[in-house]
Every structure is written in structure tokens, then in C-alpha cells.
Amino acid sequence: MDSIAIWFILSTFIVMVSIIAIDLETDSLKLIGQKDEDLPEWTKLTHSQCENCTLKKEDQPYCPVAANIVDVADFFKNRYSYDDVQVTIVTESRTYTKKTSLQNGLSSLMGLYMVTSGCPVMDKLRPLVHTHLPFASLEESMFRIVSMYLVAQYYRFRKGENPDWSLNGLSDLFEDIGKVNRAFAERLHAVVSKDANLNALVILNCVADMGKIAFESEDMDDLEYLFSAHMSPNFTV
């Protein structure tokens with residue numbers, strides 16, 4: 343099976359902490375994960391199952407995200423969120439490096455796992471992996487998510503489905519993402535003793551919550567001046 347890899351290298355300023363390879367199917371960007379064998383209790387689908395989860399335990403006994411993230415959660419369960427690390431992320435196109443807190447590094451890592459594991463809610467964000475941008479600001483995340491959503495509507499239009507050009511469904515998407523992040527944090531309470539893993543999810547949830555607030559409060563209007571060249575000649579900002 344053809345695959346592409348995204349490498350996460352986390353180190354302190356003294357020793358290497360971890361090297362993690364995320365292997366993705368080339369044609370779908372779905373994670374090539376581990377098999378459902380000898381997985382802990384907290385990974386079962388019914389353990390703190392998300393209220394908006396559409397999966398059934400008869401078909402999917404384990405939460406797909408939990409099953410794939412179990413090794414990462416176990417490795418970092420005894421680490422504090424404020425530990426200083428250098429994070430290097432290597433993709434096929436470029437390499438990103440940042441000195442930051444462990445929670446920020448894990449947030450980027452967990453974000454990739456969550457959108458590539460087969461969660462019906464988080465899969466809607468998987469197109470973002472194609473142009474993965476680690477450590478994105480809220481404004482950058484908003485720009486990318488709205489752009490992704492509009493491209494999705496274009497493809498829906500081309501296939502004869504009803505497109506949501508007014509972006510009415512975007513707030514619902516942000517809300518669904520927040521529900522998943524909060525429920526998954528409850529899952530992790532069963533396995534972690536320190537807060538690095540949990541705070542990584544808090545960061546992801548803040549992006550979802552703040553993104554919803556920014557979109558609903560029309561904060562996106564602050565970027566309208568950038569698009570004046572696309573408007574009619576009589577348009578002014």
C-alpha cells in the first residue's frame with residue numbers, strides 16, 4: 343500500500359523525547375493505524391462515547407481515534423503540559439520547527455490523529471491534512487477551515503448535491519468538533535496522571551470554540567478588505 347509519512351520529533355534541550363511517524367494512505371490521507379488487538383478498556387467505543395457519535399459498537403467496538411492514539415497517550419501520560427520542548431515536524435513538502443511547550447506540540451500531533459483515524463465527525467477536517475499547517479494561529483485556522491468548507495460545497499455542487507454557500511452548516515461543524523474534543527478528554531482521564539495530553543486537547547477545543555464564536559460574531563469581516571480585488575469596481579472597504 344502506498345503511503346506518505348509525517349514525522350514528529352519532540353526533544354528537550356538535553357535529550358530526545360520521542361520520534362513518531364504518522365503513516366497515511368496516499369489516496370485518502372487515512373491513518374494506517376494499529377489493529378484492534380489487546381487495546382485497553384478506555385479505547386472501547388462505549389467508554390465516554392461522544393454524544394454526537396454515529397458509530398455502533400456492533401460494527402466498531404473501539405473508538406477509532408482512541409485505538410490509534412493509545413501509544414501516544416501512554417507515552418506522554420506522565421509529562422506536564424508546560425515542559426519545554428523543541429518540536430520538528432517533517433512532511434513531504436517542508437520541515438517545521440518550533441521551541442514551545444509540550445502541550446502545543448502534542449496538540450498538533452493529536453489533531454492529526456483525530457482527523458485521520460476514521461471518526462465520522464473529525465473526518466470532515468481531513469482535507470486540511472493535505473496542506474497541514476502546524477502551530478497555526480486562530481486566524482490562520484479560521485481561514486483554512488472556511489476555505490476548506492467552501493471547497494467542499496463546490497464539490498457538492500458539481501455532484502448535484504445541495505451546496506451550503508451561505509456557510510450555515512459551519513457553526514454546526516464547529517460545535518460537533520467541540521463535542522468530540524470534550525468527550526475525548528474524558529476518555530483520557532482514565533489513563534493520564536499528568537496534564538500534557540489533556541491540555542493538548544484543551545487547545546484543540548479552544549480553536550473549535552473560538553472559531554465558532556469568531557464566525558458567528560462576524561469576526562471574519564475583518565479580513566474582507568483583503569478581497570477587494572475580487573469585488574465589483576464600485577465596492578469600497
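Sequential numbering of the sequence shown, starting at 343, is according to this note's numbering. The C-beta atom is built at its ideal place from N, Cα and C for all residues, glycine as well.
Residue environment, residue i, which counts as buried when at least 16 other CB atoms sit within 10 Å
i, result
"D446", "The question names Asp, but residue 446 is Asn in the sequence shown. Classification of N446: buried, given that the 10 Å Cβ count is 16 or more."
"A632", "The structure shown does not extend to residue 632, since the chain spans only 343 to 579, so no value can be given for it."
"S584", "Outside the shown range of the chain, which is 343 to 579, sits residue 584, and nothing can be said about it."
"F418", "buried"
"V407", "buried"
"N420", "exposed"
"N523", "buried"
"F569", "exposed"
"M573", "exposed"
"L565", "exposed"
"A409", "buried"
"F526", "buried"
Beta carbon proximity, residue i to chain B, threshold 8 Å
i, result
"P403", "Going by chain labels, chain B is absent from the structure shown, which holds only one protein chain."
For residue i, the residue or residues it bridges with in DSSP
i, result
"I346", "L366"
Option in the options with minimal Cα separation from residue i
i, options, result
"L381", "D413, L480, L512, T442", "D413"
"I487", "G375, H389, D416, R468", "R468"
"G520", "S370, S345, T368, C392", "C392"
"S345", "S360, I351, L373", "L373"
"W349", "L448, P462, T396, T388", "L448"
"L512", "L475, K501, S489, E481", "S489"
"M297", "M562, A532, P462", "The structure shown does not extend to residue 297, since the chain is modelled only from 343 through 579, so no value can be given for it."
"S459", "P575, L371, P403", "L371"
"N510", "K399, Y422, Q495", "Q495"
Rounded distance between the beta-carbons of residue j and residue i, thought under 8 Å
i, j, result
"M452", "I411", "7 Å"
"F477", "S450", "6 Å"
"V471", "L454", "7 Å"
"E528", "S390", "4 Å"
"D425", "S443", "7 Å"
"T433", "C405", "26 Å between Cβ atoms; not a contact."
"T583", "K398", "Since the first residue of the chain shown is 343 and the last is 579, residue 583 is not available in this structure."
### Message
Report the start-end ranges of each beta strand (DSSP E) in the segment 360–443 that is 3 residues or longer and not cut off at the edges.
### Response
426–432, 437–443
### Query
Hey, which unbroken runs of the beta strand (DSSP E) at 3 residues or more fall wholly within the segment 504–530?
none
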